[in-house]
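Report on one structure; see the data block that follows.
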Amino acid sequence: MKRPVQVTLLVLSGLGLLHASLFTDLCLRYVRAGMRPMLIASGVLLLALGVAEAWSRRGPDEDHGDEEHGNEDHGDEEHGNEDHDDEVHDGEVHDGGHGHDHSSVPRVAWLLFLPALSLLFFAPPALGAYTASREAPKAVTEQRHFDPLPATSPVPLTLTDFTRRAQQDHEQAIKGRSVQMTGFVTPDKKGGGWYLARIIFTCCAADAQSVKVRIYGTPALPANTWVTVTGTWHPGGTLGTKSAQAALDARTVKEVAQPVNAYSDALPLVPSS
Numbered sequence: 264m265k266r267p268v269q270v271t272l273l274v275l276s277g278l279g280l281l282h283a284s285l286f287t288d289l290c291l292r293y294v295r296a297g298m299r300p301m302l303i304a305s306g307v308l309l310l311a312l313g314v315a316e317a318w319s320r321r322g323p324d325e326d327h328g329d330e331e332h333g334n335e336d337h338g339d340e341e342h343g344n345e346d347h348d349d350e351v352h353d354g355e356v357h358d359g360g361h362g363h364d365h366s367s368v369p370r371v372a373w374l375l376f377l378p379a380l381s382l383l384f385f386a387p388p389a390l391g392a393y394t395a396s397r398e399a400p401k402a403v404t405e406q407r408h409f410d411p412l413p414a415t416s417p418v419p420l421t422l423t424d425f426t427r428r429a430q431q432d433h434e435q436a437i438k439g440r441s442v443q444m445t446g447f448v449t450p451d452k453k454g455g456g457w458y459l460a461r462i463i464f465t466c467c468a469a470d471a472q473s474v475k476v477r478i479y480g481t482p483a484l485p486a487n488t489w490v491t492v493t494g495t496w497h498p499g500g501t502l503g504t505k506s507a508q509a510a511l512d513a514r515t516v517k518e519v520a521q522p523v524n525a526y527s528d529a530l531p532l533v534p535s536s
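Going by the working numbering, the first residue of the sequence shown is number 264, and it counts up by one from there.
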């Protein structure tokens with residue numbers, strides 16, 4: 264690959280990573296927040312390599328080329344120009360039978376620019392309702408002891424905590440209690456209802472899992488709309504056992520801004536203004 268193309272690719276890749284991880288929050292669509300410093304460091308490194316490559320006036324190939332030309336000159340003098348690698352046949356020059364032309368960039372190499380340009384100008388959309396509606400809810404871990412719920416009403420809960428308490432808390436602490444949860448709207452792909460959902464990253468988007476709570480009593484807003492739902496547990500099965508469904512009779516549904524920690528099932532953090 265030619266040097267100008269290499270420099271351009273390195274610089275664009277570095278700028279794309281910095282744009283996604285340092286100047287915006289785009290990287291949080293694809294990786295956990297803890298990986299952000301590594302993305303920033305990678306972007307700085309790629310940008311530095313591109314700048315260094317652009318400032319270097321002569322590369323190793325050029326130096327070797329000069330040495331080879333010098334050796335050829337001496338060889339011609341010693342051997343009287345008897346040996347020649349290049350042969351002329353029918354007006355064409357063949358370079359010692361190698362037959363390779365390295366003067367142009369292979370067409371497939373231009374595809375390397377697509378990821379870099381996409382980070383700068385067209386970032387892939389975040390995971391949302393489309394993903395959540397097409398996979399089974401994430402299985403919650405077992406928990407034997409549950410802390411008492413606070414006296415506040417409504418009680419703020421994560422979707423995982425609500426599901427775990429509905430299915431494993433034999434004390435049935437959430438029975439009759441008003442709870443509040445935040446997530447995005449995910450229509451039921453079978454029709455006739457919707458879910459409040461969150462996407463959870465263990466590492467990155469490749470291992471994403473979803474947690475969902477079925478919502479009753481109110482029509483759904485458009486898919487991927489972030490909402491805070493307040494309501495009470497919807498009877499279904501026996502509360503405190505595996506038969507209990509993770510479902511809520513909604514009293515209010517309020518549209519909210521997407522929280523900063525959108526890809527973890529935690530109590531929502533409000534985006535900084």
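No residue lacks a Cβ here, since even glycine has one placed at the ideal position from N, Cα and C.
Within the model, the alpha-carbon separation for E405 versus T426 is close to 11 angstroms. The C-alpha of S473 is placed about 9 angstroms away from the C-alpha of S396.
Cβ atoms of W496 and K401 stay farther apart than 8 angstroms, at about 19 angstroms.
In this structure the segment 491 to 510 does not touch the segment 463 to 471; the number of beta carbon pairs closer than 8 angstroms is below three. Note on geometry: alpha-carbon atoms of A513 and E398 lie some 24 angstroms from one another. Nearest neighbour of Q269 by Cα position, chosen from K452, V448, I462, L310, turns out to be L310. The C-beta distance from A510 to G499 rounds to 6 angstroms, short enough to fall under 8 angstroms. Of S441, A525, C467, G480, the smallest CA-CA separation from Y458 is found for G480.
Under the three-state reduction of DSSP, L273 is assigned to helix. Here L382 is not near G277, since their CB atoms are 7 angstroms or more apart.
DSSP places E518 within a strand segment (E or B) once states are collapsed to three. For M298, no alpha helix (DSSP H) segment is defined, and its DSSP state is neither H nor E. Taken atom to atom, the span from the alpha-carbon of L375 to that of R440 is near 55 angstroms. One alpha carbon belongs to W373, the other to P531, and they sit about 42 angstroms apart. Contact between the segment 405 to 420 and the segment 296 to 311 is absent: fewer than 3 CB-CB pairs across the two stretches fall below 8 angstroms.
For L383, the enclosing alpha helix (DSSP H) has its first and last residue at 376 to 384.
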